[in-house]
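Okay, so here's the structure we're looking at.
Numbering (my numbering), first residue to last: 419 to 890.
This is the structure we're talking about:
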């Protein structure tokens, strides 16, 4: 007798014969046990079954990398989404209890408005940015695609060719929809920064109108200058994940609108000295900060734009070290100057995160620690300084604007990028955002009004704007 193959020779319990599904050349797929027709060859192919006896196509290394990169970016997009829960918790805890519902509603609307507006215009305005569109020329030059908005019908129309279409040469390693999902979460973050700075006295409708315009025509435009391969990219301005393009934009807008609104009732004495208005829930603030720290792993980690283990692991470590250094430094500075302030320590963590965001991929661990530590010191002193002139209940201007500027400069100091280009980028983005916010803010103030009535502010926006309370 012939020897049985090794796999047959293994003693196994008798099993029922497996039902084998193969595609017949005649068109139907038959169950070989009972002969009943199952599915068509097309359906078999869709489920990965071999058709017509042909072996299943092998997964190439390139295809495997493509799948891993897409999965990583989508996971990072989900982490950035969690940051909105962090912002909502942070803002609710740092403001008065009577405004909690208003804070939660604003944060809910921001993510909703952000996704829709970014899908309608923002994404196409930001990418491919000022990349040439060779379909039409005028005055001897190519009209930028960002001015024509030709990408809009292509994006909203689902077509097979769009699924893996490359958007720019820098974003060609994953699908267009993966890119949109990740970038849309970034966009909504920008408007959330403004929410905390205007808490307690802004009209709900007016804030939502401003946020809509910010996400439609400010954030995408400045972002296209760098990430859409625009003129800032041409001069080698560097902003890895958005110290300027996300956080400073939100910080500048927050500063302008907070200034237009004026302070909360009781914030300043007759001689101009500020009064502390404590938050309502410190545990909620801590939860919010740690949720933001967790989400920042996706914010910075996803900005690598692929799942490269070496670079991604570096980014996660530099992000963590900067946050730790920022929290430690801010906490110690507050302790040296009086009592250890948990609010300052928590804001120091956020300051370190914002500071390292511009260069998390290009600095050493030691550099990240220094960036974070300096950010922690800056946020302590800038909160005290800004508080003398502008009422910012959550310290958004200090955390996102001041540390965003510092982080962008630190990319040159510790990351080897061009210092002059960094200065130009900071100035250009700041000028555009300030002018835009002033124009839109003044128009809203003259038409809809920006601020609630004093009686409504005293009663709390939960009751006056929403007719309900957060706690009963």
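Idealized CB from N, CA, C, for every residue including glycine. Every value quoted in this text rests on a predicted model; they were computed, and no experiment measured them.
Asked                                                                                                                                                                                     : Found
Do you know how far the Cα of residue 860 is from the Cα of residue 486?                                                                                                                  : 47 Å
Going by Cα to Cα distance, which pick from 479, 715 and 503 is closest to residue 526?                                                                                                   : 503
Locate the alpha helix (DSSP H) running through residue 483, then write down its first and last residues.                                                                                 : 479-512
For the region 807-814 against the region 749-756, do three or more pairs of beta-carbon atoms, one drawn from each stretch, fall closer than 8 Å, so that the two count as touching?     : no
For residue 662, which option in 693, 774 and 679 has the closest C-alpha, if you only look at C-alpha atoms?                                                                             : 774
Give the straight-line distance between the Cα atoms of residue 524 and residue 631, rounded to the nearest whole angstrom.                                                               : 15 Å
Going by other Cβ atoms of all chains shown within 10 Å of its Cβ, with 16 needed for buried, is residue 765 buried or exposed?                                                           : buried
In or out: residue 681 buried (at least 16 other Cβ within 10 Å) or exposed?                                                                                                              : buried
Just the Cα atoms here: how many angstroms apart are residue 647 and residue 751?                                                                                                         : 40 Å
If we call anything under 7 Å between Cβ atoms a contact, is residue 847 one with residue 640?                                                                                            : yes
I believe residue 868 touches residue 862 by the beta-carbon criterion, under 8 Å. Please report the beta-carbon distance rounded to the nearest angstrom.                                : 6 Å
Quick one, are the C-beta atoms of residue 671 and residue 612 less than 7 Å apart?                                                                                                       : yes
Tell me the DSSP secondary structure of residue 594 in three-state form.                                                                                                                  : helix
Decide if the region 776-784 is in contact with the region 730-741; the criterion is three or more beta carbon pairs, one per stretch, under 8 Å apart.                                   : yes
Does the structure place the region 837-844 close enough to the region 816-829 that three or more beta carbon pairs sit under 8 Å?                                                        : yes
Give the single residue among 622, 821 and 785 whose Cα lies nearest to the Cα of residue 798.                                                                                            : 821
Pick from 777, 508 and 514: whose alpha carbon is nearest that of residue 876?                                                                                                            : 514
Could you check whether residue 852 and residue 674 sit closer than 7 Å to each other, using their CB atoms as the reference points?                                                      : yes
Report the rounded CA-to-CA distance for residue 834 versus residue 777, giving the unit in angstroms.                                                                                    : 10 Å
Might you give, ordered along the chain, the residues of its own chain that have their beta carbon closer than 7 Å to the beta carbon of residue 664, omitting 5 neighbours on each side? : 604, 607 and 608
Under the rule that 16 or more other beta-carbon atoms within 10 Å means buried, what is residue 887, buried or exposed?                                                                  : exposed
Can you say whether residue 879 is buried or exposed, counting buried as having 16 or more other CB atoms within 10 angstroms of its CB?                                                  : buried
So, does the region 650-659 touch the region 717-724, judging by three or more C-beta pairs under 8 Å?                                                                                    : yes
Go ahead and pull the three-state DSSP assignment for residue 696.                                                                                                                        : coil
Using only the alpha-carbon positions, how far apart do residue 684 and residue 690 sit?                                                                                                  : 11 Å
Under DSSP, the alpha helix (DSSP H) around residue 649 begins and ends at which residues?                                                                                                : 649-652
Ignoring anything shorter than 3 residues, give me the beta strand (DSSP E) runs that lie fully in the region 638-680, in order along the chain.                                          : none
Could you compute how far the alpha carbon of residue 535 sits from the alpha carbon of residue 770?                                                                                      : 30 Å
Considering only C-alpha positions, which residue in the set 477, 483, 478 and 479 is nearest to residue 725?                                                                             : 483
According to DSSP, is residue 686 part of a helix, a strand, or is it coil?                                                                                                               : strand
Less than 7 Å separating the beta-carbons of residue 713 and residue 493?                                                                                                                 : no
Could you check the C-alpha separation between residue 687 and residue 697 for me, to the nearest Å?                                                                                      : 19 Å
Give me the Cα-Cα distance between residue 451 and residue 599, rounded to the nearest whole angstrom.                                                                                    : Per-residue confidence for residue 451 stands at a pLDDT of 44, beneath the threshold of 50, marking its modelled position as unreliable; the derived number appears in the next sentence. Looking at the two C-alpha atoms, the distance is approximately 46 Å.
Is DSSP giving residue 620 helix, strand or coil here?                                                                                                                                    : strand
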